[in-house]
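**Student:** After the structure tokens below, expect a handful of questions from me.
There are 2 protein chains.
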Amino acid sequence: MRPRAPASPTDRLVLRRLGIDTYRDFVAYLHRESPVCRAEGFEAQARVEVRYGDRHIIATLHTTSGSVLGVHEAGLSEAAWRELGAVEGGSISVHHAAVLDSLSDLRAKVYGKILAPGQWRGIIEDVAAGHYSDLELAALVTACAGEGINVDETVALTRAMVEVGERLDWGTRPVVDKHSVGGLPGNRTTLLVVPIVAEAGLTIPKTSSRAITSPAGTADTMETLAPVTLSLEQIRRVVERERGCIVWGDNARLSPADDFLIRVEGPLDFDSDGQLAASILSKKIAAGSTHVLIDMPVGPTAKIRSLQGAQHLTQRLRTVGAALGLHVSVDVADGAQPVGRGIGPALEARDVLAVLRGEPGAPPDLRARALRLAGRILEFSPTFAAGTGERAAAEILDSGRAWRRFQAICEAQGGMREPPRAPLHSVVTADAAGVCLEINNRHIAQLAKLAGAPRIPAAGVELHVRLGDAVDKDQPLFTIHAEAPGELAYALRYLDAPRPIVSVGVR
Amino acid sequence: MRPRAPASPTDRLVLRRLGIDTYRDFVAYLHRESPVCRAEGFEAQARVEVRYGDRHIIATLHTTSGSVLGVHEAGLSEAAWRELGAVEGGSISVHHAAVLDSLSDLRAKVYGKILAPGQWRGIIEDVAAGHYSDLELAALVTACAGEGINVDETVALTRAMVEVGERLDWGTRPVVDKHSVGGLPGNRTTLLVVPIVAEAGLTIPKTSSRAITSPAGTADTMETLAPVTLSLEQIRRVVERERGCIVWGDNARLSPADDFLIRVEGPLDFDSDGQLAASILSKKIAAGSTHVLIDMPVGPTAKIRSLQGAQHLTQRLRTVGAALGLHVSVDVADGAQPVGRGIGPALEARDVLAVLRGEPGAPPDLRARALRLAGRILEFSPTFAAGTGERAAAEILDSGRAWRRFQAICEAQGGMREPPRAPLHSVVTADAAGVCLEINNRHIAQLAKLAGAPRIPAAGVELHVRLGDAVDKDQPLFTIHAEAPGELAYALRYLDAPRPIVSVGVR
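Same order as they appear, the protein sequences are chains E and F.
If you count the first sequence from 1, position 75 lands on 85 in my numbering, and the numbers rise without skipping.
If you count the second sequence from 1, position 434 lands on 444 in my numbering, and the numbers rise without skipping.
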């Protein structure tokens, strides 16, 4: 016989907005002497369920002493506050979080077991609901790294990621898309490809990410030209009107689990072919695409460093795509140096505008890459015979029709604007004459980030030379753009260490 | 030519104690409009270096808005505050943390590479210095889980863990030790083995852990009887006087990296033979031990579930110990049910006292286990011939010499005290007559934790039956002990779900 549980002590706490930003981590703050802490036996780092009205989240507990919170008050990290739609003075209850069943499957994966589709589904449901702690997300990403998941698991993982989120259906075929695996600064072809392809009559509902570890994501760059934070319904209206869009994907809850995984992938900087494939393809399938072209730059300082690595990832993408009814083509491209001149949201947007407007100084490499990719995408449609896509793309660009379509897309997304300019500049020149031998993608990206990109849209680096260019002594190599003196100083201090950024020498 | 970096903006911030407890996680709080955040381009979750006087730590940044902090103020989590020895109103500087070189080796391990000893040393140095974030620690633990590290790597990892911490040398041989791999509630043989072995003339400097995921660690149980938080110098004095001690290991900075790994191992609940071996053996070697006996309970709901698993771990422990000059013996024991009656620090201490004092109701299983282990340890010394140890141990216990030695050890550690009693009790009885068929170690441990153990030393569960006992209807099966009504209620609610705790039925 079991004694009856006595009535639970009152467990309501009054919300106080502390304004603590933990990025995406859900944290609940309770006074350590709070009746709830005492009754539930809570200690710092406990996983707790926070209920507010009909919403609930699982959060990590940080306890307080002193005067930050009263014993009947509770605080939330800003991410948790937003997720719950909380208001100052509102009332929450806090309980022990139930143990997640999917964690035993995660543990099995960590120990090297192969998981069944249902197990992946369970894990991804909990991830998408925000129920995994950062530690648990880190364990999941680590367990999948390298050769951690096989092709069948990647298919199951991708399908689970699609199924737990929203999904678009355009009622037409083909619905095309592109994606760059990233790692190449300035590679902003999306802003050219989308208006060209849409103008040619194809549907291209492009969702993009913000920068995770890079100085600019496509969404960051586009945001200097037009709003990108659109609801799913707004995206639908833009695409129905203009056949294309360039929006921020996270807001649409297409493959929402991916948005949580990114929270730890950035800081950890791990990758795996399996997880990368699931991440890319789940977003595309959820967006209703039938054909996708993957832009895969390969180079010694790009994300993919060898042709062998590119082939392995290509194989994984094609196999997983095929299993899920998505046609995947891959464009392996030279990733030896940044694309265009600007690195940073506004500087990259200026390169894009120059190409769209056909300005004489427009970066030819950005134009050429965009036309090649757009051409391949056009050939997904029976309207464009093999070998004719790139020329058709060039005609659309050169006629000004792509530029007009781009402006129309910007207007549909909420209105076009001019990218900002940074007030502070610092020019770095060549110490001696020679030939430009190396432009290190990673270091130039880091320099742009130290200057403030992508947080400061106008910040970044402007390159004045390309690989193989002859350079005179004192000729400008690149210019750092910054908004605050401290940020400019920080970028300049990065130049003090002996590391290659733009190297000039004798071949 | 590179432009000179302008003078850095003032980067001093005034410390305000917020009193936020994040367990062991180092967090720095800065106002998002602080000049330092603006100049350095900090965002929430950035890894930052915090300097205070001649001390420094690496912390995770949480930014604040609102009135919690002024723009020229900074806060620290309590763990960070203690680590820096900070005072209210003190002055700190905050900078970007340099990238840790060892993270590229961690990444290689995540991708399945085998690391060289120097790489392990680099990783462990950074871990012991507190430089790894929780995410990075989680990745390290995950990468080592299952078959993640081989024997050579385990040796290198263990050696690195010893080398980065303090190390004791007793100038004598043998120096003996014991360790339980855990998972069996109530298994508090250490408090019996140490006084018996010390009384027999052997040196046994026992450092123990607090509970990580269990309702009581040996240090928690001992703390209800005597102080356990001793400095290395205090430990030395106790052992020189009494030949034995039972202290909390973390305070001594023996294998300090392990103390950081535990921070994530608890929440993640992963284990690997390699990491478990490194964790156990590094503490023993650092404590100056030459011979160690490992108590390895095996049972369906114990930590080690099969004899095969026990053999694999035994092999790893012996091989790694041998490579590092430590003799390792393993005692594989029945782990089918908890040991003794009490589960929870004070309840377990009462079982120990009953055995030491030879009380009639003393749990015979706890006594028998302790004597077997003590006997095997005595035989590490040439003074005790093979097969004579257990009888010698029984004589020391039955003569009352072990009880006197235990009291002397408690006095040397700072004074003996009586374990507390909980004010609230709830008795669970049998619904029908039958035989006790199962006592689930995991569920009974969880129940004791929900009742408040180990945070509330008097809380826990007292078992009234053993496997195979005949049970009448309404006969008491176990009693829950709690301090607060809320905690008792929480434990009782755990009984509502259909899960085995103590099962009575027909065989």
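The beta-carbon is built from N, C-alpha and C at its ideal position, and this holds for glycine as well.
(1) Given a cut-off of 9 Å, decide if residue 121(E) and residue 156(F) are closer than it, judged by their beta-carbon atoms.
(2) Check this for me: beta carbons of residue 69(E) and residue 58(E), under 9 Å apart or not?
(3) Decide if residue 436(E) is buried, meaning its Cβ has at least 16 other Cβ atoms within 10 Å, or exposed.
(4) With distances taken Cα to Cα, identify the nearest neighbour of residue 477(F) among 464(F), 127(F), 458(F), 515(F).
(5) Can we say the stretch 285 to 296 of chain E touches the stretch 318 to 334 of chain E, given the rule of at least three CB pairs closer than 8 Å?
(6) What does residue 596(E) touch in chain F if you count any residue whose Cβ is under 8 Å from its own?
(7) Are residue 61(E) and residue 106(E) touching if we call contact CB-CB under 9 Å?
(8) What number of angstroms, rounded off, separates the C-alpha of residue 386(F) from the C-alpha of residue 298(F)?
(9) Cα-Cα, which of 247(F), 438(F), 260(F) is closest to residue 483(F)?
(10) Going by the CB atoms, is the gap between residue 445(E) and residue 480(E) shorter than 9 Å?
(11) Does residue 134(E) come within less than 9 Å of chain F when only Cβ atoms are used?
(12) By alpha-carbon positions, which one of 45(E), 36(E), 214(E) ends up nearest to residue 54(F)?
(13) In the structure shown, what three-state DSSP assignment does residue 233(E) receive?
(14) Quick one: what does DSSP say residue 153(E) is sitting in, helix, strand or coil?
(15) For residue 287(F), collect the residues of the same chain with a Cβ closer than 6 Å to its Cβ; drop the 5 residues on either side in sequence, then sort them by chain order.
(16) Should residue 557(F) be flagged as near chain E, meaning a C-beta pair shorter than 9 Å?
(17) Give me the residue from 455(E), 347(E), 490(E), 464(E) with the minimum Cα distance to residue 472(E).
(18) Whose Cβ in chain F lies nearer than 9 Å to the Cβ of residue 112(E)?
(19) Quick one: is residue 77(F) buried, meaning 16 or more other Cβ sit within 10 Å of its Cβ, or exposed?
(20) Looking at chain E, is there any beta carbon in it that lies within less than 9 Å of the beta carbon of residue 383(F)?
(21) Please list the residues of the stretch 155 to 178 of chain E that have a C-beta atom closer than 7 Å to any C-beta atom in chain F, keeping them in chain order.
(22) Is there a Cβ of chain E sitting closer than 9 Å to that of residue 247(F), yes or no?
(23) Going by beta carbon distance, what residues of the same chain come within less than 6 Å of residue 21(E), once the five residues before and after it are set aside?
(24) When you check each C-beta in the stretch 485 to 510 of chain F against every C-beta of chain E, which residues fall closer than 8 Å?
(25) Let me make sure I understand the geometry here. Which of 209(E), 168(E), 321(E), 315(E) has the alpha-carbon closest to that of residue 268(E)?
(26) Would residue 428(F) be called buried (16 or more neighbouring beta carbons within 10 Å of its own) or exposed?
(27) Count the other CB atoms, across all protein chains shown, that sit within 10 Å of the CB of residue 188(F); report buried if there are 16 or more and exposed otherwise.
(28) Pop quiz: residue 511(F) and residue 195(F) are said to be a contact at Cβ under 8 Å. What is the actual Cβ separation, rounded to whole angstroms?
(29) Does the distance from the C-beta atom of residue 359(E) to that of residue 232(E) stay below 9 Å?
(30) Considering only residues of the same chain and omitting the five flanking positions on each side of residue 210(F), which have a CB-CB separation below 7 Å?
(31) Leaving out the 5 sequence neighbours to the left and right, which residues in its chain are closer than 6 Å to residue 423(F) when beta-carbon positions are compared?
(32) Please name the residues in the stretch 51 to 73 of chain E whose beta-carbon is closer than 7 Å to at least one beta-carbon of chain F, in chain order.
(33) Just the Cα atoms here: how many angstroms apart are residue 274(E) and residue 148(E)?
(34) Which residues, taken in chain order from the stretch 271 to 290 of chain F, show a beta carbon closer than 8 Å to some beta carbon of chain E?
(35) Please check if any C-beta of chain E sits within less than 9 Å of the C-beta of residue 186(F).
(36) How is the beta strand (DSSP E) around residue 215(F) delimited, first residue to last?
**Tutor:** On the basis of the data shown:
(1) yes
(2) yes
(3) buried
(4) 515(F)
(5) yes
(6) Shown here, chain E extends from 11 to 517; a query on residue 596(E) therefore has no answer.
(7) no
(8) 19 Å
(9) 438(F)
(10) yes
(11) no
(12) 36(E)
(13) helix
(14) helix
(15) 164, 326, 327, 330
(16) Past the boundaries of the shown model lies residue 557(F); chain F is included only from 11 to 517, so the question cannot be answered.
(17) 490(E)
(18) Near residue 112(E) there are no residues of chain F at all, since even the closest Cβ is about 14 Å away, more than 9 Å.
(19) exposed
(20) no
(21) 155, 156, 157
(22) no
(23) 46, 103
(24) 494, 495, 496, 497, 498, 499, 500, 502, 503, 505, 506
(25) 168(E)
(26) exposed
(27) buried
(28) No, residue 511(F) and residue 195(F) are not in contact; Cβ-Cβ is about 12 Å, not under 8 Å.
(29) yes
(30) 388, 402, 406
(31) 236, 237, 248
(32) 51, 53, 54, 55, 72, 73
(33) 6 Å
(34) 274, 277, 278, 279, 280
(35) no
(36) 214 to 218
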